[in-house]
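**Student:** This is the structure, below, for whatever I ask next.
Number of protein chains: 2
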Amino acid sequence: MLPLLAPVTVRPRDDRDHADRIALSAATTGGVHMATKDVRSWIDERREANVFHVERIPFAELDQWRFEDVTGNLVHSSGRFFAIEGLHVVEADGPHGDGPYREWRQPVIKQPEVGILGILAKEFGGVLHFLMQAKMEPGNPNLVQLSPTVQATRSNYTKAHGGTNVKLIEYFAPPDPERIIVDVLQAEQGSWFFRKSNRNMIVETVDDVPIWDDFCWLTLGQIAELMHEDETINMNARSVLSCLPYHDEAPGALLSDVQLLSWFTNERSRHDVRARRIPLTDVHGWKQGVEAIEHEDGRYFKVLAVAVKGSNREKISWTQPLLESVGTGVVAFLVREIDGVPHVLVHARADGGFLDTVELAPTVQCTPQNYAHLPAESRPPFLDYVLDAPRSRIRYEAMHSEEGGRFLNVRARYLAIEADDTVEAPPGYAWVTPGQLTALTRHGHYVNVEARTLLACIHAATAQPQREA
Amino acid sequence: MLPLLAPVTVRPRDDRDHADRIALSAATTGGVHMATKDVRSWIDERREANVFHVERIPFAELDQWRFEDVTGNLVHSSGRFFAIEGLHVVEADGPHGDGPYREWRQPVIKQPEVGILGILAKEFGGVLHFLMQAKMEPGNPNLVQLSPTVQATRSNYTKAHGGTNVKLIEYFAPPDPERIIVDVLQAEQGSWFFRKSNRNMIVETVDDVPIWDDFCWLTLGQIAELMHEDETINMNARSVLSCLPYHDEAPGALLSDVQLLSWFTNERSRHDVRARRIPLTDVHGWKQGVEAIEHEDGRYFKVLAVAVKGSNREKISWTQPLLESVGTGVVAFLVREIDGVPHVLVHARADGGFLDTVELAPTVQCTPQNYAHLPAESRPPFLDYVLDAPRSRIRYEAMHSEEGGRFLNVRARYLAIEADDTVEAPPGYAWVTPGQLTALTRHGHYVNVEARTLLACIHAATAQPQREA
């Protein structure tokens, strides 16, 4: 007997029930799989169960990586993964394209492949849980953090380096169209990567999913609590979680959506950023040593090499380059209630590695050490406001590290600081609501990765106010 | 006495009343300024009032344009406007980045400046009217077409070429935040431009606006009727009008918005387009003559030069390069009602000049002549379906020309063709509603310029079904 064909039917364009179920998960602080208080010890246990060593090595000891002739670019012999090349950036502010401009050269990570960052979701007892992985990345300060269910470069999951299969990748490549909650290409750091995007995904399942020792189902309420802990939720997980389609409960915003998009369009139009890849050998102002490529004045970051020995990753041991920042970053949103509606002060930031001129960044995003030699007036706007904020003004604070597969101990203090009612948005800045940022995360190249982390932190702070110390 | 400061207040994020007023304007076929039937003769009159001559000239007679040493690029002596350079494109389909690929070189227009395409709107008798300009562009087949109120490159309105001021530019640079209806960066042809975007704007005013002879206020109902005429509404106007935030009256769509965005994300991820600017001299397969740069087999397009003499443009006379297509294009949406809701079949098209891999294109977008030498199986999908469609299946048809400031007599037949109920979307294609496309035009790099024209045509066909011949 032939199966009956279901008639083709239209469906509502909005999936409103996603938001309801997200709200329920955010309000649920007890998960079915593990109590939140036990997650820390589980991560510690995973760290101990798999002995990893990460050791700095001279570039000469890199296996399958080499400095290419002529260009001097640091490349993998397969031509895959990523490469360290040079970038030449000229930025001009409009409106005329010949106003004041800045120009510089720097090393940059070139990684054209689009990877997958996927979190699997499933209802237990009617509440959405999210499958987090305790994953080792060589650059993490504490090696193991909670990562998405799957984080895989294309080279990973197509087995370019001969490793094992990526667990659960079948839920994401391709996803079941009936079960997609989030699926968007989001860019990574524009100051370190050249136009890199990853596919940020949340996909639901009703299957029985095997649970390996490295995996744990958590509610959003549990994740919110963990987001208040230092260096626990990794950058990729923060990025994916920031794209969750939360309800906007606020009655409105200072700017309507049309006004916000118009302001953003103007910011994109008035900046003229010309970024050009150049050979690494042409990056003036940086010097290459046996163990590091670094800025002549010791600022910004270093490129270096590590050897990794582990036991439960896709490969047992490998070597690779990493970037190391020279200081700890400060990444902060000023927050202000306008008519009782919380707003954050976004900055339309131009970075050389952005695909399209500017993205919305936190109010402050910098490494203060890079400004130590400059006069006070050259310091980034609001940096001192943030650093000098009394504790009573801090709505959120935690130390997070950036992606441990590319960055070694690159840490920043992520903050949400309550601003005075008198703080107005200067040119290039705008007060927007978290609901507006959330709506923009449905599309790429609006909300930068640091702002996405802070957005996830703000969702966490809303779901789960920090417990008193 | 000090003025009272209005309290800061939040407003609703949505401007729902814009859509209501757009619907009213679309339903209004009689404007206060000019009857629709008189617009044609007014355009003719404007054409005759200003005697223009456009003449093809050898490259050597270009004034202030020259072929640069070494690169051979065709550039303006000011370094502004645009340049003709070379483009090297390698396209691979995923998922592995080493699947079948195509590779070619071609001349390309490089124009990094963001221009403004702005339409001024104003209520007369409670109905929105839009200020259209009868504007001469040297490449228009009939020289004068209806254009936006303002179309200005940055060089134009900052007077780089010493011309007159651009009329009414003050409404758009900057716009009054309280009166913005549309403000978005939209890309132009990815096959001819390298990553060019213009700022598409519609701004309302309550001012008394002086009316010059070249300007006319029209309702959307009137513009809809004119959109059924050949070569009357220029490309820039079509692009801006496509971004109008019409209500979506449909109960839903075949794909929810999340599903549509996920499908699009997958299309972006699976294509790998590496486009690199190269010197024009390195464009193999093309030959440079005294009067034209053309493909060795006479396909695709030519680069040539013209001298323009006019009387009411920003400059009295000038010379410039233009691109001329070798044939007439076919640009068509297949249209199908699903559950009574009209859908169009979009194609995720990869063009070398796109900033970000793929954009949503019409079902068919090609110049059939370029395929004449190829076997039937190499013809674009659905081309013959469109060309063979009986007249009873044609929902919309008109000839439109592309931007007359860059393209000489580049025409295409724009069509909406009713498809059989059995036509399914093959890989790389999806059935989406006009309402979904409209929502995506709020953001750049989703809907390509040809699909935007067709979207404006479909809005026009909905507002104003074609009169019987």
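Just so you know, the protein sequences line up as chains A and B, in that order.
In the working numbering, each residue carries its 1-based index in the first sequence increased by 8.
In the working numbering, each residue carries its 1-based index in the second sequence increased by 8.
Heads up, the beta-carbon is just placed ideally off N, CA and C, and yes, glycines get one too.
Note that the structure is a prediction, hence the values are computed from the model and not measured.
1. Counting C-beta neighbours from all protein chains within 10 Å, is the total for GLY361 of chain A 16 or more, i.e. buried, or is it exposed?
2. Hey, is LEU416 of chain A's beta-carbon within less than 8 Å of any beta-carbon in chain B?
3. Quick one: grab the DSSP three-state call for ILE219 of chain B.
4. Quick test of your reading: LEU496 of chain B and ILE30 of chain B, contact by CB under 8 Å. State the CB separation rounded to the nearest angstrom.
5. So, with DSSP's three-state summary, where would you put ILE466 of chain B?
6. What does DSSP give as the partner residues of HIS518 of chain B in its beta bridges?
7. Report the option in B:ALA420, B:GLU239 and B:ILE177 whose CA atom is closest to the CA atom of THR375 of chain B.
8. One question on the structure: do ALA232 of chain B and ALA34 of chain B come within less than 8 Å of each other, judged by their Cβ atoms?
9. Cα separation between PHE89 of chain B and GLN119 of chain B?
10. Mind pulling the alpha helix (DSSP H) runs of 4 or more residues that sit fully within the region 432 to 456 of chain B?
11. So what does DSSP say about MET140 of chain B, is it helix, strand or coil?
12. Can you pull out the residues from the region 23 to 42 of chain B whose beta carbon lies closer than 7 Å to at least one beta carbon of chain D?
13. Below 8 Å on C-beta distance, what does ALA261 of chain A contact in chain B?
14. For MET209 of chain B, which beta-bridge partners are listed by DSSP?
15. Pull up the distance between the alpha-carbon of GLU458 of chain B and that of ALA464 of chain B, whole angstroms please.
16. Assign GLN72 of chain A to buried or exposed, taking buried as 16 or more other Cβ atoms, counted over all protein chains shown, within 10 Å of its Cβ.
17. Which residues does DSSP list as the beta-bridge partners of PHE202 of chain A?
18. Among the candidates A:VAL266, A:ILE51 and A:ALA68, whose CA atom is the shortest distance from the CA of ILE301 of chain A?
19. What does ALA406 of chain A pair with, by DSSP beta-bridge criteria?
20. Please state if the CB of ARG203 of chain B and the CB of LEU330 of chain B are separated by a distance shorter than 8 Å.
21. Is any beta-carbon of chain A found at less than 8 Å from that of THR273 of chain B?
22. Compare the Cα-Cα distances from GLY80 of chain B to each of B:SER86, B:ILE92 and B:LEU416 and report the closest residue.
23. Alpha carbons only, please: which of B:PRO389, B:ALA261 and B:ARG387 is nearest the one belonging to PRO350 of chain B?
24. Report yes or no: do the region 239 to 246 of chain B and the region 147 to 161 of chain A share at least 3 C-beta pairs separated by less than 8 Å?
25. Rounded C-beta distance between GLY318 of chain B and ASN148 of chain B? I'm assuming under 8 Å.
26. ASP347 of chain B CB to nearest chain A CB: under 8 Å?
27. Mind checking which residues open and close the beta strand (DSSP E) that includes GLN153 of chain A?
28. Where does GLU237 of chain A sit, in a helix, a strand or coil, going by DSSP?
29. Can you find the residues in the same chain that come closer than 8 Å, C-beta to C-beta, to GLY335 of chain B, ignoring five residues on each side of it along the sequence?
30. Mind listing which residues of the region 117 to 141 of chain B have their C-beta closer than 9 Å to chain A's C-betas, in chain order?
31. Between ASN456 of chain B and VAL116 of chain B, what straight-line distance do the alpha-carbon atoms span, to the nearest angstrom?
32. Who are the near neighbours of HIS84 of chain B in its chain, counting only those whose CB is closer than 8 Å to its CB and skipping five residues on each side?
33. Figure out for me which residue from A:HIS355, A:ASP396 and A:THR240 has the closest Cα to the Cα of GLU410 of chain A.
34. Check whether the region 44 to 54 of chain A touches the region 303 to 319 of chain A, taking contact to mean three or more Cβ pairs, one atom from each stretch, closer than 8 Å.
35. When the Cα of PRO442 of chain A is compared with those of A:ARG344, A:GLY38 and A:TRP112, which residue comes out closest?
36. With 8 Å set as the bound, which would you pick, yes or no: does the beta-carbon of ILE177 of chain B sit closer than that to a beta-carbon of chain A?
**Tutor:** On the basis of the data shown:
1. So GLY361 of chain A ends up on the buried side.
2. no
3. coil
4. With chain B running from 9 to 477 in the structure shown, residue 496 of chain B is simply not present.
5. helix
6. This structure cannot speak to residue 518 of chain B, because chain B is shown only from 9 to 477.
7. B:ALA420
8. yes
9. 7 Å
10. 442 to 448
11. strand
12. The structure shown contains no chain D; its protein chains are A and B.
13. VAL18, ARG19 and ARG21
14. B:GLY126 and B:ASP191
15. The straight-line gap from Cα to Cα measures roughly 10 Å.
16. Under this definition GLN72 of chain A is an exposed residue.
17. A:LYS118
18. Cα-wise, what sits closest to ILE301 of chain A is A:ALA68.
19. A:TYR422
20. no
21. yes
22. B:ILE92
23. B:ALA261
24. In short, these stretches do not touch, since the Cβ pair count stays below three.
25. Not confirmed; about 12 Å, so no contact.
26. yes
27. Note, GLN153 of chain A: beta strand (DSSP E), 152 to 155.
28. coil
29. The answer, listed in chain order, is THR375, PRO376, GLN377 and ASN378.
30. PRO120, GLU121, VAL122 and ILE124
31. 17 Å
32. GLN72, TRP73, PHE90 and ALA91
33. A:THR240
34. no
35. A:ARG344
36. no
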